[in-house]
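Have a look at the structure below before the remarks.
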Amino acid sequence: MALSIDSLVTDLMFQANAAIDQQKLIEGLGGQDVLETKQLLDVDRLDPRAEMELSPSMPFRRRGERRLMIIDDQVITPREDPQADPLIKSDLRAAKEALIKTMQALPVRLGRLFALGSWGDAVIVTRSARDLRGIALLPYVLDPQVDVDGKRRATPLSQKEFEAKIMAYEKRLEELDEQQILAGLSGVNFERRGELLVVDVLEADGTWDQRKSMLMETQLAAVEKFSLIPGAPSSAAKAAEPKKPEPAKAAAPKPEPAPAKEEPKGPPISAREVDGAVVLVFPPERFDLDVAAALGKKDFDQVLRRSDNLPGAMRDKIHRDGATWIAPLEFLSEVFVDGKPLTKAEFERDSQKLEGLKSLDVHFPRFGPVTLLEIAGKGRFVTTIASAERAAKLVAG
6 MALSIDSLVT DLMFQANAAI DQQKLIEGLG GQDVLETKQL LDVDRLDPRA
56 EMELSPSMPF RRRGERRLMI IDDQVITPRE DPQADPLIKS DLRAAKEALI
106 KTMQALPVRL GRLFALGSWG DAVIVTRSAR DLRGIALLPY VLDPQVDVDG
156 KRRATPLSQK EFEAKIMAYE KRLEELDEQQ ILAGLSGVNF ERRGELLVVD
206 VLEADGTWDQ RKSMLMETQL AAVEKFSLIP GAPSSAAKAA EPKKPEPAKA
256 AAPKPEPAPA KEEPKGPPIS AREVDGAVVL VFPPERFDLD VAAALGKKDF
306 DQVLRRSDNL PGAMRDKIHR DGATWIAPLE FLSEVFVDGK PLTKAEFERD
356 SQKLEGLKSL DVHFPRFGPV TLLEIAGKGR FVTTIASAER AAKLVAG
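In my numbering, the protein residues as written are 6 to 402.
What follows is the structure, given as structure tokens:
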């Protein structure tokens, strides 16, 4: 597929395991006739290295979230030198409205407009301010010379430092609430369209000065408001908030009994005892970065549910002695080697190969060292089980 510099990209990141209504997608992008003039790029079918060069989305994108890029080379008049000329003089207002219409009709987590060959977005549309900040912090988290505190180093980070920054990324997103994130916007356009948050740097006539994209990214990322401890409420943001007068004290109402907490839906985790140790076997719907972080802290209360139906004695053993685990992996780029997302070529080159099985020691963000397995006929998995052959037999059933 030939991709031209300055082609306009409509980038759609769908919610996890969302069903994509093809007809609504076609209608949102202008109809079948209009869509036939564009190229549709299914990012998940690319080599992960291609996405890293084109427009990286890890670790922002979570397990089960699909990504489609619709590329149109007819909207923007190509510039002679995009690096020297930051002005795109084409009117992008219609493309912005088409993006919003698509997101209103489909379960899209985040949508963007940008130009191939240039860094920065013209329009970002999300359903949460946290995602606005998350996408803006990608340059921070992927830059090998920027440390966990957002400070630029003269030399690249060590593997351990880079992995620590990757693990801190999700925690950074908890430091500011929606009001604090949006309060940092100045000199860019912001509006609400129902549940959608729309931020853009288009001029009144729809043209785009890409230098403003850097301003938007900097304001949303708010690196200067990082907490000393990743994940703690930002002291800089708190200091900027005006103090509210304390309301007059009134008699405290009698507290009502708390409603019973409803457990999230999803299939149960299965557990088995192997050589006296408990092994947790995760279905795809029950494993993500938050679960990995809880496993790393041995916080099994955050992992196990009543609906998992594990015997009481086994639960006691898990809380007392811990447990090993195995979980499916969708993308190779979800794990890291030497501080970089793993590629298919690297896995094929470096993995140990046995009959029907390939294995490689990797790093899983927010957890730590694990073994990556590719099991013939079953797919890819990450595990803390010491024996790759035993893990493969466990999956085989």
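No residue lacks a Cβ here, since even glycine has one placed at the ideal position from N, Cα and C.
Proximity of residue i and residue j at Cβ, strictly below 8 Å
i, j, result
"I76", "S123", "no"
"S191", "Q164", "no"
"K349", "Q357", "no"
"P91", "D182", "no"
"T107", "L201", "no"
"V80", "K101", "no"
"V14", "L118", "yes"
"K303", "G327", "yes"
"A393", "L378", "yes"
"G125", "S218", "yes"
"R177", "L142", "yes"
Sequence-distant residues of the same chain with beta carbon closer than 7 Å to residue i, five excluded per side
i, result
"Q307", "A299"
"R291", "G271, P272 and I274"
"V296", "V308"
"L347", "L337, S338, V340, F341 and V367"
"L45", "L73 and I75"
"T82", "K94 and S95"
"R157", "Q150 and V151"
"F369", "A297, V340, V375 and V387"
"R84", "D11 and D90"
Residue nearest to residue i in terms of C-alpha spacing, selected from the options
i, options, result
"I186", "A396, L51, A276 and G139", "G139"
"L147", "E58, L137 and G384", "E58"
"A332", "T388, R311, M319 and G317", "T388"
"A21", "I323, G155, F119 and V113", "V113"
"A276", "F305, K106, G301 and D38", "F305"
"D154", "E394, K170, A401 and Q184", "K170"
"R320", "I25, I105 and L285", "L285"
"K383", "A391, A397 and S392", "A397"
"R66", "D136, E41, R311 and E32", "D136"
"G189", "L220, E353, S312 and D280", "L220"
"E278", "A134, K322 and D293", "K322"
"T42", "D78, M63 and A227", "D78"
"F407", "M172, V130, V228 and R216", "Any answer about residue 407 is impossible in this case: the structure gives the chain only from 6 up to 402."
"P144", "E222, Q37, R50 and F352", "E222"
"F372", "L40, E32 and A173", "A173"
Separation of residue j from residue i, as counted between CA atoms
i, j, result
"R98", "V204", "13 Å"
"P288", "I380", "16 Å"
"E175", "N314", "30 Å"
"V1", "I234", "The requested residue 1 is not part of the displayed model; the chain covers only 6 to 402."
"A23", "L111", "9 Å"
"S9", "L121", "7 Å"
"A318", "P374", "28 Å"
"V48", "S60", "10 Å"
"G69", "E335", "7 Å"
"G211", "L115", "21 Å"
"L104", "R132", "13 Å"
"D16", "Q109", "15 Å"
"V283", "M18", "37 Å"
"D152", "A89", "29 Å"
"W330", "G361", "21 Å"
"H324", "L294", "20 Å"
"P316", "R310", "12 Å"
"A227", "R71", "27 Å"
"R1", "P87", "There is no way to answer for residue 1, as the model of the chain reaches only from 6 to 402."
"R50", "R385", "16 Å"
"E351", "L365", "10 Å"
"A209", "A134", "24 Å"
"A159", "D355", "30 Å"
"E56", "Q28", "26 Å"
"S312", "V400", "21 Å"
"G281", "D26", "48 Å"
"G1", "L359", "Beyond the ends of the chain as shown, which are 6 and 402, falls residue 1; an answer cannot be given."
"E353", "Q184", "46 Å"
"P64", "G36", "32 Å"
Cβ neighbours of residue i in the same chain (closer than 8 Å, five flanking residues each side left out)
i, result
"P149", "P161, L162, F167 and G344"
"E180", "K230, F231, S232, P235, G236, A237, P238, S239 and A242"
"R395", "V279"
Minimum Cβ-Cβ distance from residue i to chain B less than 8 Å
i, result
"G69", "Absence of chain B from the displayed structure is noted, only one protein chain being present."
Residue i CB to nearest heavy atom of the ligand MG below 7 Å
i, result
"R117", "Inclusion of the ligand MG in the displayed structure is not the case, the ligand content being empty and no account of it being possible."
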